[in-house]
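Student: Read in order, the letters of the sequence shown are residues -22 to -1, 1 to 87 in mature numbering (1 follows the signal peptide of the UniProt record, and there is no 0).
For every residue, glycine included, the Cβ atom is placed at its ideal position computed from N, Cα and C.
Take this structure first; my questions come after.
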Amino acid sequence: MKKKALGIILMIIVLTLCGCQAKESDEEKILGKWYKDDRDQIEFFEDGTCDATDLTNAYGMSKYSFLDDNRIKFELYLGNIKVYQYSLEDGVLTFKFETDGVVTEWSRY
C-alpha cells in the first residue's frame, strides 16, 4: 500500500513539473542571427542591440526594444526610429512596417 501511494505521489510530482516548464519569451527567441533572401542578415544580442547588414552594409548597429501589442522598435544608428509589428512562429520572424504595411520574413539557417 505504501509503495502504491509513493508511486502515485511521484507521478503527481513528475506531471506537475512537466506542466510547469517556462515558455521561452520572444525576447529570448529572437536572439541570434536571422537571414532574408540569402543576402540580408540581422543579429540580435541580449543587451538590446542588433547588427543588420545587407549587400551595401547600409544599416549597421542599432538598438531594439519590445513594445506592447507585438511591436518592436528599432533606433537606427542615424537616429531614425522604425516600429514594426512582429511575429515569431515556427522559426520564422516576420516584420510588418507600420507606415506602409511592407512585410518581410526572416529565418535561421
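For C(-5), which residues from the same chain have a beta carbon less than 6 Å from its beta carbon, with the 5 sequence-adjacent residues on both sides left out?
Tutor: At C(-5) the pLDDT is 49, less than 50, meaning the model places this residue with poor confidence and gives no usable figure here.
Student: Ignore the nearest five residues each way along the sequence and tell me which others in D29's own chain have a CB closer than 6 Å to its CB.
Tutor: Excluding sequence neighbours, D29 sits near E21, M39.
Student: Please go through the same chain and pick out, in chain order, the residues whose beta-carbon is closer than 6 Å to the beta-carbon of F73, but skip the five residues on each side of it.
Tutor: The answer, listed in chain order, is Y62, Y64, T82.
Student: Count the other CB atoms within 10 Å of the CB of I59; is the residue buried (16 or more) or exposed (fewer)?
Tutor: I59 comes out exposed.
Student: Can you list, in chain order, the stretches of the beta strand (DSSP E) that have 3 or more residues and sit fully within the region 33 to 78?
Tutor: The qualifying runs are 38 to 45, 49 to 53, 59 to 67, 70 to 75.
Student: Given a threshold of 16 other Cβ atoms within 10 Å of its Cβ, counted over all protein chains shown, does L71 qualify as buried or as exposed?
Tutor: When all chains shown are included, L71 counts as buried.
Student: Are the Cβ atoms of G26 and R86 separated by less than 8 Å?
Tutor: No; because the gap between Cβ atoms is not below 8 Å, this pair is not in contact.
Student: Which same chain residues end up closer than 6 Å to L54 when comparing Cβ atoms and leaving out the 5 residues on each side of it in sequence?
Tutor: Taken in chain order, the residues that qualify are S40.
Student: What is the DSSP secondary structure of D4, reduced to helix, strand or coil?
Tutor: D4 falls in the helix class under three-state DSSP.
Student: For F52, count the other beta carbons within 10 Å of its own beta carbon; 16 or more makes it buried, fewer makes it exposed. Which is it?
Tutor: Label assigned to F52: buried.
Student: Terminal residues of the continuous beta strand (DSSP E) containing E21?
Tutor: Looking at the DSSP string, the run of the beta strand (DSSP E) that includes E21 is 18 to 22.
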